[in-house]
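Quick notes on the structure that follows.
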Amino acid sequence: MGIAAGNRRGHLFVKGHNAAVVREDEMVDALVEWAEFIHEEGAEAALARVDTEKARREADKDRDRLLAEQGVDVNDTGTRIELIRRHTG
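When you read off a place in the sequence shown, starting at 1, and then add 4, the result is the number in our numbering.
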């Protein structure tokens, strides 16, 4: 179980599946609620109570919006790799 935060929303994952999308100010409470439910009922029961496809679609929307705003290489990976090679080679 985990949560990925960004764009004022948190994407909750259970066993690698998008399970829910919550507002930023609700993330900690949601994480605790889900952890307690999973502890009592199990991860499969937690996943069975939600529409994982809807959560995945919401995550896809957020990812697509970020890619449109920031591009596919927001960290400028190529430049960073070249700098590392210059300093270590």
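For every residue, glycine included, the Cβ atom is placed at its ideal position computed from N, Cα and C.
Whether residue i touches residue j by CB criterion (7 angstroms)
i, j, result
"Ala-47", "Val-18", "yes"
"Phe-41", "Ala-34", "no"
C-beta neighbour in chain B for residue i, strict 7 angstroms
i, result
"Arg-84", "Among the protein chains of the structure shown there is no chain B, as only one such chain exists."
Cβ neighbour criterion (16 or more within 10 Å) applied to residue i
i, result
"Ala-1", "Summary: the structure shown does not reach residue 1, with the chain confined to residues 5 through 93, and so no result is reported for it."
"Ala-52", "exposed"
"Ala-59", "buried"
"Leu-71", "exposed"
"Gly-82", "exposed"
"Gly-14", "buried"
Nearest to residue i (by Cα), restricted to the options the options
i, options, result
"Arg-12", "Met-5, Gly-6, Glu-30", "Glu-30"
"Thr-56", "Glu-37, Glu-28, Leu-16", "Leu-16"
"Val-54", "Glu-44, Trp-38, Asp-68, His-43", "Trp-38"
For the stretch 22–41 against the stretch 59–66, are there 3 or more C-beta pairs whose distance is under 8 angstroms? yes
Could you pull out every unbroken alpha helix (DSSP H) segment of at least 4 residues lying fully inside the stretch 6–77, listed in chain order? 31–45, 47–52, 56–74
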